[in-house]
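Participant:
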Amino acid sequence: MHRKRILLPVLVAVTIAQFTGCAKKSDMEALQANLENTQKQVALLSTENDLRKGELAKLQARLGDFMEDQLQKQTGNEKKRVRIRALQTQLQDRQAEIDRAATVKQIGVNLLKELASASLKDQTIRALLAENGYTVSIGENNGSSSASLQQSNATQNNEGSPGDSGAGTAPMPIEDDPDIASLERAINAQLPALEQSKKIQKSVGDLAKGILEIAPTDQTANAIVSKYKITNTRQ
5 MHRKRILLPV LVAVTIAQFT GCAKKSDMEA LQANLENTQK QVALLSTEND LRKGELAKLQ
65 ARLGDFMEDQ LQKQTGNEKK RVRIRALQTQ LQDRQAEIDR AATVKQIGVN LLKELASASL
125 KDQTIRALLA ENGYTVSIGE NNGSSSASLQ QSNATQNNEG SPGDSGAGTA PMPIEDDPDI
185 ASLERAINAQ LPALEQSKKI QKSVGDLAKG ILEIAPTDQT ANAIVSKYKI TNTRQ
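For what it's worth, this note's numbering labels the leading residue of the sequence shown as 5, then goes sequentially.
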């Protein structure tokens with residue numbers, strides 16, 4: 005009986021110890037499983053983070069390409085605007101010169117008529133016309149003398165006259181941009197008239213210069229200088 009009393013507490017203690025050991029082992033296994041699961045989650049998050057970084061890098065690269073493309077477009081647009089302004093200015097300047105030549109042409113025609121008429125009695129005027137390539141033909145009209153002018157072929161070809169037609173020069177190349185190309189075509193279309201305007205202004209200018217030179221000693225030339233307000237603008 006006494007022996008049983010001793011063994012019973014021992015058995016209880018052993019049983020408790022075994023249970024406690026099992027409980028500790030179960031807890032360790034659970035902790036180990038939780039740790040492994042946590043490590044897996046960390047690895048997954050790390051992978052997702054790497055993927056996000058990769059996507060972010062791609063987005064940044066796209067943004068960089070887009071910004072560079074926009075900058076190039078802005079630079080190209082600015083160059084285009086500068087080119088268009090330059091062409092517009094050139095077009096306007098040439099048109100202004102052509103318009104001036106039209107006025108000079110009319111003055112030249114009137115001047116030649118008056119000189120031709122004056123040359124009937126003024127040999128100095130007739131000599132001036134000859135120097136500028138004009139031959140005076142005298143005819144009769146209702147009993148009175150009249151004069152007509154004929155310009156030499158050499159003068160027509162080389163210098164032009166208030167009434168002849170000019171030839172165009174080499175046109176500028178046409179670019180692909182339609183806005184620029186339209187202006188370039190317009191400028192090219194001006195070339196024949198521009199060439200003619202230069203010839204007209206030279207022809208009339210040479211004639212006016214000759215009139216100025218003889219005006220001090222020729223009364224008719226002096227009167228023409230006053231009438232047309234001819235000044236020595238060409239040195």
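We put the CB at the ideal spot given by N, CA and C, even for glycine.
1. Within 10 angstroms of its Cβ, does residue 112 collect 16 or more other Cβ (buried), or is it exposed?
2. Using only the heavy atoms of the ligand NAD, determine whether one of them is closer than 6 Å to the beta carbon of residue 205.
3. Only counting runs of 4 or more residues, tell me where the alpha helix (DSSP H) segments fall wholly within the region 171-238, in order along the chain.
4. Evaluate the contact criterion for the region 106-124 versus the region 196-206: three or more CB pairs, one atom per stretch, below 8 Å.
5. Could you name the residues of the same chain whose beta carbon sits closer than 8 Å to that of residue 61, not counting the 5 residues immediately before and after it, in chain order?
6. Using the Cα positions of residue 52 and residue 39, report the straight-line distance between them to the nearest angstrom.
7. Buried or exposed: where does residue 143 fall if 16 or more other Cβ atoms within 10 Å of its Cβ makes it buried?
8. Assign residue 124 to one of three DSSP states: helix, strand, or coil.
9. Would residue 188 be called buried (16 or more neighbouring beta carbons within 10 Å of its own) or exposed?
10. Give me the Cβ distance between residue 128 and residue 222, rounded to the nearest whole Å; I'm assuming they're in contact under 8 Å.
11. Check this for me: beta carbons of residue 114 and residue 210, under 7 Å apart or not?
12. By the three-class DSSP mapping on this structure, what secondary structure does residue 112 have?
13. Would residue 228 be called buried (16 or more neighbouring beta carbons within 10 Å of its own) or exposed?
Facilitator: This is what the structure gives:
1. If you number the sequence shown from 1, residue 112 lands on position 108. Answer is buried; the Cβ neighbour count reaches 16.
2. This structure simply doesn't include the ligand NAD, nor any ligand for that matter.
3. 182-218, 223-232
4. yes
5. Along the sequence shown, read from residue 1 onward, the residue named residue 61 stands at position 57. Result list for residue 61: empty, nothing under 8 Å.
6. In the sequence shown, counting from the first residue as 1, residue 52 sits at position 48. In the sequence shown, counting from the first residue as 1, residue 39 sits at position 35. Between residue 52 and residue 39, the C-alpha separation is close to 20 Å.
7. For the purposes of this step, residue 143 is taken as residue 139 along the sequence shown, with counting starting at 1. Here residue 143 is exposed. Its C-beta has fewer than 16 other C-beta atoms within 10 Å.
8. Locating residue 124 in the sequence shown gives position 120, where the first residue counts as 1. Of the three classes helix, strand and coil, the one that applies to residue 124 here is coil, per DSSP.
9. If you number the sequence shown from 1, residue 188 lands on position 184. Residue 188 is buried by the Cβ-count criterion.
10. Here residue 128 refers to the residue found at position 124 of the sequence shown. Here residue 222 refers to the residue found at position 218 of the sequence shown. For residue 128 against residue 222, the beta-carbon gap comes to about 5 Å, under 8 Å, which counts as contact.
11. Working through the sequence shown from its first residue, we reach residue 114 at position 110. Working through the sequence shown from its first residue, we reach residue 210 at position 206. Not in contact: residue 114 and residue 210 (Cβ atoms no closer than 7 Å).
12. Position 108 of the sequence shown, counted from the first residue, corresponds to residue 112. Helix at residue 112.
13. Locating residue 228 in the sequence shown gives position 224, where the first residue counts as 1. With 16 or more Cβ atoms within 10 Å of its Cβ, residue 228 is classed as buried.
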